[in-house]
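Quick note: the sequence shown, position 26, residue 25 per numbering that gives the first Met the number 0, numbers continuous. C-beta atoms are modelled at their ideal positions from N, C-alpha and C, and glycine is treated no differently.
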Amino acid sequence: MIVFEKEQENKKMDFKQKAIKIIIGVKHPMIDYTLYNLGIIKSYEIKDRNIKIVMALPALNIPILNMLIQSFKQPLEAMESKVNVQTVVMTHQELQKFLSMEQNAWRGLKKI
């Protein structure tokens, strides 16, 4: 019984580690930083196979919003998880940091 519980715990940790790697590793298609480093992925919470991600955006109507969401949602859902995404507008301070990073690392649209 203890061995089975340990295996289940290891599977949960493996899932969580893989999910975190996806969440923090997705690159922005036009800026040479990850969404996490840019502050676009503001926070995430993983409970079992339910993942909640809060995205902070420069504006809510950005044209590549769906592309950004799908860049992490598809691989997470492929791991049989349920992904809930909430979008918010960046604070003034977050926006200034984002714009500075964007200016320094702009590379144009590339295929993901």
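TODO: Examine the Cβ distances between the region 77 to 97 and the region 47 to 57 and report whether three or more of them are shorter than 8 Å.
DONE: yes
TODO: Might you give, ordered along the chain, the residues of its own chain that have their beta carbon closer than 8 Å to the beta carbon of Met89, omitting 5 neighbours on each side?
DONE: Gly38, Ala55, Leu56, Pro57, Phe97
TODO: Inspect the beta-carbon positions of Phe71 and Ile21 and report whether they are closer than 9 Å.
DONE: Yes, the pair counts as a contact, with Cβ atoms nearer than the cut-off.
Open item on the list: DSSP three-state label for Glu79, please.
Closed with: coil
Task: Leu67, buried or exposed, once every other Cβ within 10 Å from all chains shown has been counted against 16 - done: buried
- [ ] To the nearest angstrom, report how far apart Pro28 and Ile61 are at their CA atoms.
- [x] 13 Å
Open item on the list: Among Leu64, Tyr32, Gln69, whose alpha-carbon lies nearest the alpha-carbon of Gln102?
Closed with: Tyr32
Task: Residues near Ser80 by beta carbon distance below 6 Å, same chain, minus five either side - done: So the list reads Arg48, Ile50, once near-sequence residues are dropped.
Task: Residues near Tyr35 by beta carbon distance below 6 Å, same chain, minus five either side - done: Ile23
Task: Alpha-carbon to alpha-carbon, Gln95 and Ala104 - done: 14 Å
- [ ] Work out the CA separation of Ser99 and Arg106 for me, nearest whole Å.
- [x] 14 Å
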